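S.K.: Below are the structure tokens for one structure; questions will follow.
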Amino acid sequence: MRFTRNNLAVLTFICMTPPAFAATTVNVVESGEAGGPMTLTLDQSTIKAGETTFMVHNDAMTEEHEMVLIKLKSPDQKIDVVAAKHRVNEKQLKSLGEVSDLKPGADGQMKAKLTPGSYVLLCNIKGHFEAGMHTMLTVTK
Ligand SMILES: [Cu+2]
Numbered sequence: 004m005r006f007t008r009n010n011l012a013v014l015t016f017i018c019m020t021p022p023a024f025a026a027t028t029v030n031v032v033e034s035g036e037a038g039g040p041m042t043l044t045l046d047q048s049t050i051k052a053g054e055t056t057f058m059v060h061n062d063a064m065t066e067e068h069e070m071v072l073i074k075l076k077s078p079d080q081k082i083d084v085v086a087a088k089h090r091v092n093e094k095q096l097k098s099l100g101e102v103s104d105l106k107p108g109a110d111g112q113m114k115a116k117l118t119p120g121s122y123v124l125l126c127n128i129k130g131h132f133e134a135g136m137h138t139m140l141t142v143t144k
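The sequence shown begins at 4 in our numbering and counts up by one.
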């Protein structure tokens, strides 16, 4: 195959175009009332690395929630709950930020630049992690 000047121009353009760069948005819904089961769900569990916006909605009627973003050292890293406090010890974990004090019905958001790896999103209000408010997020290249 012989390249004409036009072909080369097109090839050069393709080679120099970086991979599509689009910020990812993850929608997070938190739900559950005091004394009952609680949930923290994502609209996608695997995303590409890069600039990420978490849009967090507290769907509870009366309960305040929060969302803490944690990067794990490995996919199977255990997160311990401090029994006496009914909370996770955030100081032992790598937190990348949080949306705190989300009132019932309220929305919040946070941005983070995510590198490939395993992440956990959780609510660390007393008792909420144990009630079910945690979920995994996998970030790929
Ligand atoms: Cu909560």
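Yeah, the Cβ is synthetic: ideal placement off N, Cα and C, and Gly gets one too.
Quantities reported herein were computed from a predicted structural model and do not represent experimental measurements.
1) Would the segment 41 to 52 and the segment 96 to 114 be scored as touching if the rule is three or more Cβ pairs under 8 Å?
2) Helix, strand or coil for Lys94? Go by DSSP, reduced to three states.
3) Excluding the 5 residues preceding and the 5 following Val32 in the sequence, name in chain order all residues of the same chain whose CB lies nearer than 7 Å to its CB.
4) Examine ligand 1 and report whether any of its heavy atoms sits within less than 8 Å of the Cβ of His60.
5) For ligand 1, any of its heavy atoms closer than 8 Å to the Cβ of His89?
6) When you compare only the Cα positions, how much space is there between Gly108 and Gln47?
M.R.: In brief:
1) Output reads no: the segment 96 to 114 does not touch the segment 41 to 52.
2) In this structure, DSSP gives Lys94 a helical state, which the three-state scheme calls helix.
3) The beta carbon of Val32 is closer than 7 Å to those of Thr44, His60, Asp62 in its chain, skipping five residues each way along the sequence.
4) Checking every heavy atom of ligand 1 against the Cβ of His60, none is found closer than 8 Å.
5) No - ligand 1 has no heavy atom lying nearer than 8 Å to the Cβ of His89.
6) Spanning the alpha carbons of Gly108 and Gln47 requires a straight line of approximately 21 Å.
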